[in-house]
Each structure stands twice: as C-alpha cells, then as structure tokens.
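Following: one structure in structure tokens, then a few remarks.
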Amino acid sequence: MGELRPPQSEGDTLPTMDADGELLRRLRAGDEGAFVDLVERHNGAMLRLALSFVSSRAVAEEVVQDTWLAALRGLAAFEGRSSLKTWLFTILVNRARTTGVRESRSVPIADAGPVVDASRFGSDGAWATPPEHWIEEAEDRIDAVKLSDLLRVVLDTLPTRQREVVLLRDVEELTSADVCEVLAISEANQRVLLHRGRARLRQALESELGGAPR
Amino acid sequence: MRIRFPRLRARSRRPELVCQQVVELVTDYLEDALSAEDRRRFERHLAGCPHCTEYLAQMRETIRLAGRVAPEDLTPVMRADLTDLYRRWRAEG
C-alpha cells in the first residue's frame with residue numbers, strides 16, 4: 001500500500017519507527033528543522049482529522065495548533081510506545097472532543113439496519129440486484145483526482161464516528177489497535193463503525209462508476 | 001463427474017450463509033474477527049457465489065482507494081504560524 005501515495009520526502013521511505021526515532025533525536029536536540037519536517041509530514045492529516053470533530057475550519061486549525069504545542073511540551077515524556085503519528089492523533093482527538101463539545105456539534109444520529117439496501121436481495125437472502133462492476137473502471141480512471149474528490153465528499157457525509165474510524169483506519173492506514181487507542185473505543189465498536197462507513201464508500205463508488213442504472 | 005450434496009456433506013448443522021448475511025460479515029472477515037467456523041462458512045459461500053466474491057473485491061478496492069485520498073498540502077501561512085509557535089515554545093524555556 002505504501003507505493004500508492006508518492007513519498008513526500010526521503011524520510012517517508014524509511015520504516016515509520018526508524019524515521020520517528022531519528023526525528024525524535026533531532027527534536028529533543030532542539031532542531032527547528034526537525035519540527036518543520038514533522039509538521040510537513042503530519043499537519044495535513046491532523047487538520048483533516050480535526051475537521052471531522054469541529055465544524056469550522058478556523059476552530060480546526062486552532063485545535064491543530066494546540067495539539068502541536070501540547071506535543072512539544074510533552075516531547076520529553078513521550079516514550080515511543082506508539083508511533084509519533086498515533087501519539088499526535090491521540091492528543092488531537094482529546095483536544096478536538098473537548099472543543100467539539102464546546103461547539104455543541106449535533107449528536108450523531110443512531111445508524112442501524114443493513115449496510116446494503118434490503119431491496120437488493122430476494123426473499124431467500126440471495127442477491128436480486130447484484131453489485132454492479134466498477135473495479136476496472138476505478139483502476140483505468142485517468143482522473144484519479146476526481147475519484148479522491150468523490151471519496152472526500154462521501155467521507156464528509158458519513159456520521160461522525162464512522163468518519164473518524166474510516167479516516168484513521170483506511171485513509172491514514174493506522175492499525176486497528178492504534179485506531180482503538182486514539183479514539184478510546186473497543187475493537188468490536190471499531191469494526192461496526194468501519195463496516196458501516198466502508199459500505200457507504202463502496203456504494204458511492206458503485207453509484208459513480210457502476211454501469212447499469214440502479 | 002462428481003455429484004455434490006451440500007446439505008448432506010456439510011460438517012456443521014448450522015445452515016449455509018446467504019448473500020445478505022455475507023455482506024454483513026465482510027468487515028469481520030477482512031479484520032480476521034470471525035471464528036474459524038464462521039470463516040469456513042463465509043469462504044464456502046464465496047466459493048459458490050460470484051456476486052459476493054465481487055462485493056468482497058469491491059470492498060478491498062474501496063479500502064485501497066481510500067488510502068489514496070491525500071490530505072491538503074501545508075500552506076506557507078500554516079508553516080509560518082507553526083514555526084512561530086515552535087519559537088515561542090523554545091522561548092518558554
């Protein structure tokens with residue numbers, strides 16, 4: 001999966017922990033350039049994650065800045081038991097949640113029921129309207145940017161908790177253990193949210209790229 | 001020619017999964033969270049169902065595409081703000 005996003009810098013081609021170790025050493029030595037490298041590497045993802053918790057961009061940017069400051073202050077105590085990225089995300093989520101409450105963002109609506117519309121199955125539970133083919137379409141697609149834009153829009157429409165999990169797990173590619181740690185949720189809960197979120201993304205891709213009318 | 005009697009040959013008494021159940025188990029399957037028996041039932045269904053096989057492949061493709069959604073680039077303003085923040089923190093002592 002690593003080859004999908006072009007590496008931003010030399011450091012990204014190193015295994016995360018090694019790259020982290022080197023960055024940490026430089027950070028602790030007071031190297032401003034190391035901080036800028038860390039910002040280059042993670043700020044975009046942090047901002048995206050913050051935007052998932054708070055409704056305004058200005059507030060999200062503030063949450064990200066607060067996170068950076070908290071990280072700098074906590075640097076000496078960081079033990080490296082998780083990756084720097086997971087550590088930063090954990091700080092951010094804690095801050096964003098407090099801020100999010102302050103902003104009184106609407107309570108997520110309960111989302112239950114099947115992830116694939118029941119009308120697509122017959123009474124025997126077999127597909128009546130099977131999945132439309134679209135994988136080749138997605139792979140042949142020259143305007144991959146458009147596909148990313150579509151996924152961004154769909155991610156934005158996911159219920160908050162689903163979005164958080166899909167963002168961390170599938171977009172940021174954290175392990176499930178790290179996702180659970182960052183969001184302070186159980187493995188089972190994470191799987192349910194991931195299941196629902198992924199199903200919506202798949203449906204959006206099918207609607208966009210699938211051949212036959214639904 | 002081999003004649004199959006799925007119901008007679010099934011090792012467990014639990015009924016075979018239907019498509020509508022399979023799609024609800026896809027994430028547990030991908031996350032390796034199914035019991036050994038449920039995993040076998042899931043895979044047994046896939047072996048005979050091109051639609052669910054397609055659904056699973058699409059879910060893997062969805063995950064792959066999600067991993068390509070890049071975050072926005074750092075703007076010069078944000079970089080300047082954060083460099084400033086770093087210097088203030090250094091000045092804190």
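Taken in sequence, the protein lines are chains H and P. For the first sequence, the positions run 1 to 214 when our numbering is used. For the second sequence, the positions run 1 to 93 when our numbering is used. For every residue, glycine included, the Cβ atom is placed at its ideal position computed from N, Cα and C. In this text, all values refer to a predicted model and were calculated from it rather than measured experimentally.
C-alpha distance - residue i paired with residue j, whole-angstrom precision
i: R40(P); j: G48(P); result: 13 Å
i: G124(H); j: V18(P); result: It should be pointed out that residue 124(H) corresponds to Asp in this sequence rather than to Gly. Whole-angstrom Cα-Cα distance: 8 Å.
i: P130(H); j: L201(H); result: 17 Å
i: D66(H); j: G80(H); result: 21 Å
i: A76(H); j: V145(H); result: 40 Å
i: V165(H); j: A50(H); result: 13 Å
i: A204(H); j: G74(H); result: 41 Å
i: T99(H); j: T175(H); result: 26 Å
i: N189(H); j: C180(H); result: 9 Å
i: L69(H); j: E61(H); result: 12 Å
i: I63(P); j: L27(H); result: 34 Å
i: L23(H); j: S83(H); result: 11 Å
i: E43(P); j: E132(H); result: 21 Å
i: F121(H); j: G211(H); result: 19 Å
i: R14(P); j: I91(H); result: 46 Å
C-beta atoms of residue i and residue j nearer than 8 Å
i: G113(H); j: R163(H); result: no
i: R191(H); j: D28(P); result: yes
i: G67(P); j: E137(H); result: no
i: E54(P); j: V115(H); result: no
i: L194(H); j: R169(H); result: yes
i: W127(H); j: H51(P); result: yes
i: G44(H); j: P76(P); result: no
i: L155(H); j: L65(P); result: no
i: S148(H); j: V69(P); result: yes
Where residue i sits in the DSSP three-state scheme
i: S134(H); result: Looking at the sequence shown, residue 134(H) is not Ser but Trp. If DSSP states are grouped into helix, strand and coil, W134(H) belongs with coil.
i: F121(H); result: strand
i: P6(H); result: Confidence at P6(H) is low in this model, with a pLDDT of 46, below 50, so the placement of that residue is unreliable and no value is reported for it.
Buried/exposed call for residue i, threshold 16 Cβ in 10 Å
i: V153(H); result: exposed
i: S56(H); result: exposed
i: I142(H); result: exposed
i: D178(H); result: buried
i: R105(H); result: With a pLDDT of only 47 at R105(H), under 50, the local geometry of the prediction cannot be trusted, and the value read off the model is given with reservation. Exposed, because fewer than 16 other Cβ atoms sit within 10 Å of the Cβ of R105(H).
i: S52(H); result: buried
i: D37(H); result: buried
i: S35(P); result: exposed
i: A96(H); result: buried
i: T157(H); result: exposed
i: A71(H); result: buried
i: R207(H); result: One point to set straight first is that residue 207(H) is Ser, not Arg, in the sequence displayed. Its Cβ having fewer than 16 others within 10 Å, S207(H) is exposed.
i: L82(P); result: buried
i: R48(H); result: buried
i: A58(H); result: exposed
i: E92(P); result: exposed
Option in the options with minimal Cα separation from residue i
i: V58(P); options: A36(P), P15(P), L30(P), E92(P); result: For the record, residue 58(P) in the displayed sequence is Gln; it is not Val. Comparing Cα-Cα distances from Q58(P) to each of A36(P), P15(P), L30(P), E92(P), the minimum goes to L30(P).
i: V238(H); options: E61(H), A29(H), T86(H), R28(H); result: Residue 238(H) cannot be examined here, being either before or after the span of chain H that is shown, 1 to 214.
i: E40(H); options: V54(H), V64(H), R28(H), A58(H); result: V64(H)
i: F78(H); options: L167(H), P159(H), D20(H); result: D20(H)
i: A118(H); options: L82(P), V22(P), A91(P); result: V22(P)
i: G93(H); options: S207(H), E206(H), I185(H), G210(H); result: The sequence given here places Val at residue 93(H); Gly does not occur at that position. Answer by Cα proximity: I185(H).
i: R87(P); options: L88(H), G30(H), L209(H); result: G30(H)
i: P159(H); options: I135(H), F121(H), A199(H); result: A199(H)
i: R90(P); options: V54(H), F35(H), E132(H); result: F35(H)
i: I135(H); options: V171(H), T90(H), L209(H), G33(H); result: L209(H)
i: R79(P); options: I91(H), F121(H), E32(H); result: E32(H)
i: F89(H); options: E139(H), L167(H), G122(H); result: L167(H)
i: D73(P); options: M46(H), I91(H), E187(H); result: M46(H)
Proximity test, residue i beta-carbon vs the ligand MG heavy atom, cut-off 7 Å
i: A184(H); result: Only the bare structure without any ligand can be found here, which leaves the ligand MG out of the picture.
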